[in-house]
Every structure is written in C-alpha cells, then in structure tokens.
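Visitor: Mapping of the sequence shown onto the UniProt record's numbering: position 50 corresponds to residue 50, and the numbering continues sequentially without gaps.
Got a structure here, written out as structure tokens. Questions coming.
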Amino acid sequence: MSPGDKVVQNANNKIASELDTALKGSGTEADTLPITDGRAIVEARDEAAKSRDPNVAKDLTDAQKEELGAQDLDLRVAGNLRMRRKHGIVRQVKKQIRESK
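Structure, rendered in structure tokens:
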C-alpha cells in the first residue's frame, strides 16, 4: 500500500468514524465497518435504493401497470433499434476499411 493509499484509507476511516458518531441513536446501523470494496459499495447502494424506493407501483391498477409496461417496452424497442442501426453503421465502416486495404 502506497503512502497515498494510506492517507486515503485514513481519511475514509475518519469520515466513517465521524458519521458513526453523528448517527448514534438514530436507529441506523452505525456500528458497521467502513466499506472499502467496490462491489460492496455497489451492493450497499442498491440495498439503500431498495429501501428508499419500495414497490412504487403497488397502488397502481392493473390497467395503469399495463400502460406503464407498454411504455417501457416501447422505449426498449426504440433503444434496440438505435443499437441495431449503430451496429449496422459500424459494420459498414469496418467493411469499407477492409475493402480499402
């Protein structure tokens, strides 16, 4: 570990310690170790997002859910068409490059 890495790790630990102190008594899990692994950070972020945004569609009717699903499908189809066009253009350019050699 380089001296710069040690400084960053010490700063992260100090920040985590200050946050733990600030969060004591708020009912949160403040006694956990600071997260230093990239995958753990992503998992923690995803878990936090789930707790913030629980099933937001639970109060929608089936018709509303169907309509929203159709809109989502339309967006995915449009995105796939854009990607196909992009890949088609890339293939054409690569073909022209091969032919020009």
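No residue lacks a Cβ here, since even glycine has one placed at the ideal position from N, Cα and C.
Since this is a predicted model, take the numbers as computed values, not measurements.
Rounded to whole angstroms, what is the Cα-Cα separation between Thr21 and Asn12?
Guide: Stepping through the sequence shown from its first residue, residue 21 is reached at position 21. Stepping through the sequence shown from its first residue, residue 12 is reached at position 12. Roughly 14 angstroms between the two C-alpha positions.
Visitor: Rounded to whole angstroms, what's the CA-CA distance from Asp5 to Ala16? Just pull it up for me.
Guide: As a working mapping, residue 5 is identified with position 5 in the sequence shown. As a working mapping, residue 16 is identified with position 16 in the sequence shown. Their Cα atoms are separated by approximately 16 angstroms.
Visitor: Between Asn10 and Asp46, what straight-line distance do the alpha-carbon atoms span, to the nearest angstrom?
Guide: For this step, residue 10 is matched to residue 10 along the sequence shown. For this step, residue 46 is matched to residue 46 along the sequence shown. Cα to Cα, Asn10 sits roughly 25 angstroms from Asp46.
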